[in-house]
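>
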Amino acid sequence: MATASVTKASVEKPVQAQAVEVNAPTRREFLYYIWGASIALILGQATAGLIWFSLPRFKAGEFGGTFTYDAKDIPEAGAAPRNIPAGRFWLSLPADEGFVALYGVCTHLGCLPKWVDTNNRFECPCHGSKFQLNGRYIEGPAPRSLDRFKTRVIFEDGTTADTNDDGDPIPLNGKKIARVEINTGARIRRNGQV
Ligand code: FES
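Below, the structure is given as structure tokens:
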């Protein structure tokens, strides 16, 4: 009979996929997830900030960083200062005073004073302020002397001297300069016209 030839497999019912029950997170679990994600975000931001602050912000030789010069790059005592446009400063060696790195921006309204050999002083082309070789105010509307940068002088005998808090020229005391390191990230404002 035809019905006797039907195999057992052909009459088995198809296997139904088992439904997997997924429970929606409870309100408490949901808040835990949000809380955990927030903590992770805050920690990530704090870590990134820490790394960013620990990295040097400026490279050597770029404004904001440190510039290094050998003795041959520094003007003779009392000679005209040397302009360093990349660092926005002047290398200056006023006789009997020592070495100073002067910020090349006028303290009045920010023009760039030029060194005028014939008058032996800096003169600002905008409103006529004038400054000595050591950066001291002479005359004009500028409210104070030229600012200067913190500097370290390394002498030939291996000793060093740093700019004081007032930014005065670093005395040489008869020693010879081997090199200077000028930190353009540390500007010293002079107080008043001195
Ligand atoms: S900007 Fe130099 S005198 Fe005014």
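End of the sequence shown sits at 193 in numbering that gives the first Met the number 0; the numbers just go up one at a time, nothing left out.
Glycine included, every Cβ here is placed at the ideal spot set by N, Cα and C.
Compute the distance between the beta-carbons of Ala47 and Ala76, then report whether it is under 8 Å.
Result no, Cβ atoms of Ala47 and Ala76 do not sit closer than 8 Å.
> Could you tell me if Tyr32 is buried or exposed, where buried requires 16 or more neighbouring beta carbons within 10 angstroms of its beta carbon?
Label assigned to Tyr32: exposed.
> Under a three-way DSSP split, which group does Glu28 fall into?
Helix, per DSSP.
> When you compare only the Cα positions, how much space is there between Gly109 and Glu61?
Answer to the nearest angstrom: the Cα atoms are 20 Å apart.
> Measuring from the CB of Ser144, is there a heavy atom of ligand 1 at a distance below 7 Å?
No - ligand 1 has no heavy atom lying nearer than 7 Å to the Cβ of Ser144.
> Mind reading off the beta-carbon distance from Glu96 to Pro112? Whole number of angstroms is fine, and I expect it under 8 Å.
Contact flag wrong, Cβ pair sits at about 19 Å.
> Near Lys221, what residues of its chain come up, given a Cβ to Cβ distance below 6 Å and the 5 sequence neighbours on each side ignored?
With the chain covering 0 to 193 only, the question about residue 221 has no answer from this structure.
> Measure from the alpha carbon of Arg151 to the alpha carbon of each residue in Gly103, Asn118 and Val179, then state which is nearest.
The candidate whose alpha carbon is nearest that of Arg151 is Val179.
> Leaving aside the five residues before and after Glu155 along the sequence, list all residues of the same chain whose C-beta is less than 6 Å from its C-beta, in chain order.
Within the same chain, Glu155 has close Cβ partners Lys175 and Ala177.
> Closer than 7 Å to a non-hydrogen atom of ligand 1 - does that hold for the CB of Gly139?
Flag set: Cβ of Gly139 near ligand 1.
> Opposite Phe66 in the DSSP bridges: which residues?
BP columns for Phe66 point to Ile181.
> Kindly examine ligand 1 and report whether one of its heavy atoms sits closer than 7 Å to the Cβ of Gly127.
Because some heavy atom of ligand 1 lies under 7 Å away, the Cβ of Gly127 counts as near it: yes.
> Which term fits Trp89, buried or exposed, when burial requires 16 or more other beta carbons within 10 angstroms of its beta carbon?
Per the 10 Å Cβ criterion, buried.
> My guess is that Trp114 and Ala78 are in contact by the Cβ rule of under 8 Å, so how many angstroms apart are they, rounded?
Actually they are not in contact, since the Cβ atoms of Trp114 and Ala78 sit about 10 Å apart, beyond 8 Å.
> Please name the residue, chosen from Ala141, Ile169, Thr162 and Arg87, that lies closest to Asp64 on a Cα-to-Cα basis.
In the sequence as displayed, the identity of residue 64 is Gly instead of Asp. The option with the nearest alpha carbon to Gly64 is Arg87.
> Evaluate Leu42 with the Cβ neighbour count: other Cβ atoms within 10 Å of its Cβ, from every protein chain shown; 16 or more gives buried, anything less gives exposed.
Exposed.
> Check each candidate in His107, Pro170 and Ile38 and name the one with the smallest Cα separation from Arg189.
For Arg189, the nearest C-alpha among the options comes from His107.
> Measure the Cβ-Cβ separation of Arg135 and Gly191 and say whether it is below 8 Å.
No.
> Let me confirm a value: Ile169 is counted as buried when at least 16 other C-beta atoms fall within 10 Å, else exposed. Which label applies?
Classification of Ile169: buried, given that the 10 Å Cβ count is 16 or more.
> Give the DSSP-derived three-state secondary structure of Asp167 in the structure shown.
Three-state result, Asp167: coil.
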